[in-house]
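Chains as they are written, first to last, in our numbering: chain A, 484 to 619; chain B, 37 to 332. Yeah, the Cβ is synthetic: ideal placement off N, Cα and C, and Gly gets one too. Keep in mind the model is a prediction, meaning the values are calculated, not measured. Okay, so here's the structure we're looking at.
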Amino acid sequence: MCMVVLIHMDASLLIIQPTASDPIYRQIVDQLRRLIASGQLVSGETLPSVREVAGFHAINPMTVSRAYGLAESEGLLERLRGKGMVVAARRGGGDSEAERLRLLEPALLDLSRKAQELELAAAPVLERLQQLLGTP
Amino acid sequence: MTAIVEAHAAYAMQALDLSQAYAGHTVLDRLKLIVEPGQVLGLVGRNGAGKSTLLRLLLGLTQPQTGQAWVFGDPALKLSDAVKQRISYVPQQPDAMAWLSAGQLMDFVGRFYPRWDAAYAQDTLQRWNIDTNKLMAKLSPGERQRVDLVRALASQPELLVLDEPAAALDPVARRELLREIALRAGEAGTTVVFSTHIVSDLERVASHIAFLHQGRLLLHCPVDDTKERYARLWLPPRFASVIGEIPALSHRRHADGSSSLVIECDEDQHWHQAVTLEGARLDVLGLEDLFVEIAE
Numbered sequence: 484m485c486m487v488v489l490i491h492m493d494a495s496l497l498i499i500q501p502t503a504s505d506p507i508y509r510q511i512v513d514q515l516r517r518l519i520a521s522g523q524l525v526s527g528e529t530l531p532s533v534r535e536v537a538g539f540h541a542i543n544p545m546t547v548s549r550a551y552g553l554a555e556s557e558g559l560l561e562r563l564r565g566k567g568m569v570v571a572a573r574r575g576g577g578d579s580e581a582e583r584l585r586l587l588e589p590a591l592l593d594l595s596r597k598a599q600e601l602e603l604a605a606a607p608v609l610e611r612l613q614q615l616l617g618t619p
Numbered sequence: 037m038t039a040i041v042e043a044h045a046a047y048a049m050q051a052l053d054l055s056q057a058y059a060g061h062t063v064l065d066r067l068k069l070i071v072e073p074g075q076v077l078g079l080v081g082r083n084g085a086g087k088s089t090l091l092r093l094l095l096g097l098t099q100p101q102t103g104q105a106w107v108f109g110d111p112a113l114k115l116s117d118a119v120k121q122r123i124s125y126v127p128q129q130p131d132a133m134a135w136l137s138a139g140q141l142m143d144f145v146g147r148f149y150p151r152w153d154a155a156y157a158q159d160t161l162q163r164w165n166i167d168t169n170k171l172m173a174k175l176s177p178g179e180r181q182r183v184d185l186v187r188a189l190a191s192q193p194e195l196l197v198l199d200e201p202a203a204a205l206d207p208v209a210r211r212e213l214l215r216e217i218a219l220r221a222g223e224a225g226t227t228v229v230f231s232t233h234i235v236s237d238l239e240r241v242a243s244h245i246a247f248l249h250q251g252r253l254l255l256h257c258p259v260d261d262t263k264e265r266y267a268r269l270w271l272p273p274r275f276a277s278v279i280g281e282i283p284a285l286s287h288r289r290h291a292d293g294s295s296s297l298v299i300e301c302d303e304d305q306h307w308h309q310a311v312t313l314e315g316a317r318l319d320v321l322g323l324e325d326l327f328v329e330i331a332e
């Protein structure tokens, strides 16, 4: 394994919404978790530096450091000397369907609460959701 | 008092018991504040809450009626030249040297700053659409504030104090300013204190937030913590009699008898037991909603 292909994630892949009710550092960790679970970020892929993310999104670098630190302690990322942050090894080719579905749980709970507030039955909601997801 | 006087050298800014009143109206009420080096403090508050007054008092440009402020350990009212060189302040309406062009102004003031970045000044004036040949007197108030922002940034200060910097900038230039603030804080350890009414700007770049309301600073904490530390508790009408017993930053009674309270969780992330009352609802709020909830 002396040939290493460097894949470098771009800072623009992250979406930052300052006004959302989740703090920015959590938004970053949640997105990394999803991107890694889906296999869009693969093991060994380098993350953009703290400076790149902070500069691109005009956010405080400490917020990015905190997010990376948290993702590291969760085992999503690891710090490689001379390379910075990379996607941790064991996370390789994406998580099982059950694990990925678990990450969707907060959004599903939110959706179901809103559907109930609107007194919508399940069928039309599911139908629309199916349209959005495209037919399998 | 001597113990306090010895404690402040490590802080970029410190204020103790600052009070100010105009025509019998209290603007600042025994306000305390500490800004540590490298912090980016975003100061928010309603119009007329006293944000500009507070910044001026912190820098020693106005004498407080009570209390004292320090900058890098110097009493704000008697700053040494050495400390003055480390600070840049951009007021909302800068005093311009009207007889100079923006270009001449930069050449002139640049000589007074040991770390002046002339190339940065020139590039940024161009990007921010300032005609460097035009006399300052002929520029609009917004353009004059932009020139002053460029002056402040090009001097590479250790402490940057900005009063409503967003007002003079279009969204593109504003984003660029935020990027400068964020990166300088992260790399050069620049301390930044800025007032704004654009809460999303604050959420992007500030490390800390302070909400100036009725002369006091509320919600003074790291920005990341705000959304996890404060929330709105909604209680149905039948609990109207107990809301006075719940410690809260604000109590609001709605027309239907229900109530909204902004409450703070304790250090172990536990909320007041009232959140378990039947029918109670706890909502996490964005910063802007939090301010509105408290200020209304």
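Would residue i pass as an interface residue toward chain B - the criterion being a Cβ-Cβ separation below 8 Å?
i, result
"A/Pro-531", "no"
"A/Asp-493", "no"
"A/Ile-498", "no"
"A/Ile-542", "yes"
"A/Tyr-508", "yes"
"A/Met-568", "no"
"A/Arg-516", "no"
"A/Pro-501", "yes"
"A/Arg-562", "no"
"A/Arg-611", "no"
"A/Arg-534", "yes"
What three-state label does DSSP hand residue i in the structure shown?
i, result
"B/Asp-153", "coil"
"B/Gln-140", "helix"
"B/Glu-296", "First, the residue type needs correcting, since residue 296 of chain B is Ser and not Glu in the sequence shown. B/Ser-296 falls in the strand class under three-state DSSP."
"B/Leu-213", "helix"
"A/Ser-548", "helix"
"B/Leu-238", "helix"
"A/Ala-581", "helix"
"B/Asp-206", "coil"
"B/Glu-329", "helix"
"A/Glu-528", "coil"
"B/Met-411", "Because residue 411 of chain B is not part of the residues shown, which for chain B are 37 to 332, the question remains open."
"B/Phe-230", "strand"
Does the distance from the C-beta atom of residue i to that of residue j stay below 8 Å?
i, j, result
"B/Pro-193", "B/Ile-123", "yes"
"B/Ser-296", "B/Glu-329", "yes"
"B/Val-241", "A/Ala-541", "yes"
"B/Asp-319", "B/Arg-274", "no"
"B/Gly-139", "B/Thr-98", "no"
"B/Ala-221", "B/Val-126", "no"
"A/Leu-515", "A/Ala-554", "yes"
"A/Pro-545", "B/Ser-191", "Residue identity check: residue 545 of chain A is Met in the sequence provided, not Pro. It is not a contact, given that the beta carbons lie outside the stated cut-off."
"A/Tyr-551", "A/Val-525", "no"
"B/Leu-326", "B/Ser-294", "no"
Give me the chain B residues within the contact set of residue i, using Cβ-Cβ distance strictly less than 8 Å, ordered along the chain.
i, result
"A/Leu-590", "Per the sequence shown, the amino acid found at residue 590 of chain A is Ala instead of Leu. By Cβ distance, chain B contributes nothing, its closest Cβ being about 15 Å from A/Ala-590, past 8 Å."
"A/Asp-505", "Lys-263"
"A/Gly-538", "Arg-215, Ala-218 and Leu-219"
"A/Arg-549", "Asp-260"
Give me the Cα-Cα distance between residue i and residue j, rounded to the nearest whole angstrom.
i, j, result
"A/Ile-498", "A/Ile-511", "8 Å"
"B/Gln-309", "B/Ile-279", "12 Å"
"B/Leu-323", "B/Ala-291", "24 Å"
"B/Gly-251", "B/Glu-72", "22 Å"
"B/Ala-39", "B/Ala-45", "Caution applies to B/Ala-39, whose pLDDT of 46 falls short of 50 and renders its modelled position unreliable; the model cannot decide the point."
"B/Tyr-149", "B/Arg-210", "25 Å"
"A/Glu-528", "A/Val-547", "17 Å"
"A/Gly-575", "A/His-491", "With a pLDDT of only 43 at A/Gly-575, under 50, the local geometry of the prediction cannot be trusted, and the value read off the model is given with reservation. Cα-Cα distance, rounded: 16 Å."
"B/Gly-60", "B/Arg-66", "15 Å"
"B/Ser-277", "B/Leu-285", "18 Å"
"B/Phe-230", "A/Ala-520", "39 Å"
"B/Gly-74", "A/Arg-596", "42 Å"
"A/Glu-621", "A/Gly-522", "Outside the shown range of chain A (484 to 619) lies residue 621 of chain A, about which nothing can therefore be said."
"B/Trp-164", "A/Leu-603", "51 Å"
"B/Val-145", "B/Asp-110", "24 Å"
"B/His-233", "B/Trp-106", "25 Å"
"B/Val-186", "B/Ala-204", "12 Å"
"B/Gln-181", "B/Thr-262", "31 Å"
At a CB-CB cut-off below 9 Å, which residues of chain B make contact with residue i?
i, result
"A/Ala-581", "Correct list: empty, because the minimum Cβ distance to chain B is about 28 Å."
Could you check whether the Cβ of residue i sits closer than 8 Å to any Cβ belonging to chain A?
i, result
"B/Val-345", "Beyond the ends of chain B as shown, which are 37 and 332, falls residue 345 of chain B; an answer cannot be given."
"B/Val-76", "yes"
"B/Leu-205", "no"
"B/Arg-8", "Within the shown structure, residues of chain B are numbered from 37 to 332, placing residue 8 of chain B beyond reach of any answer."
"B/Glu-324", "yes"
"B/Ala-188", "no"
"B/Glu-239", "yes"
"B/Ala-202", "no"
Can you pull the chain B neighbours of residue i, defined as C-beta to C-beta under 7 Å?
i, result
"A/Ala-554", "Within 7 Å Cβ-Cβ: nothing; A/Ala-554 doesn't reach chain B, min ~15 Å."
Using a cut-off of 8 Å between C-beta atoms, extract the partners of residue i located in chain A.
i, result
"B/Ser-236", "Pro-501 and Thr-502"
"B/Gly-178", "In chain order: nothing, as chain A lies at least about 20 Å away."
"B/Gly-222", "Val-533, Arg-534, Ala-537, Asn-543, Pro-544 and Met-545"
So which residues on chain A does residue i lean against when the C-beta distance must stay under 7 Å?
i, result
"B/Ser-243", "Asn-543 and Met-545"
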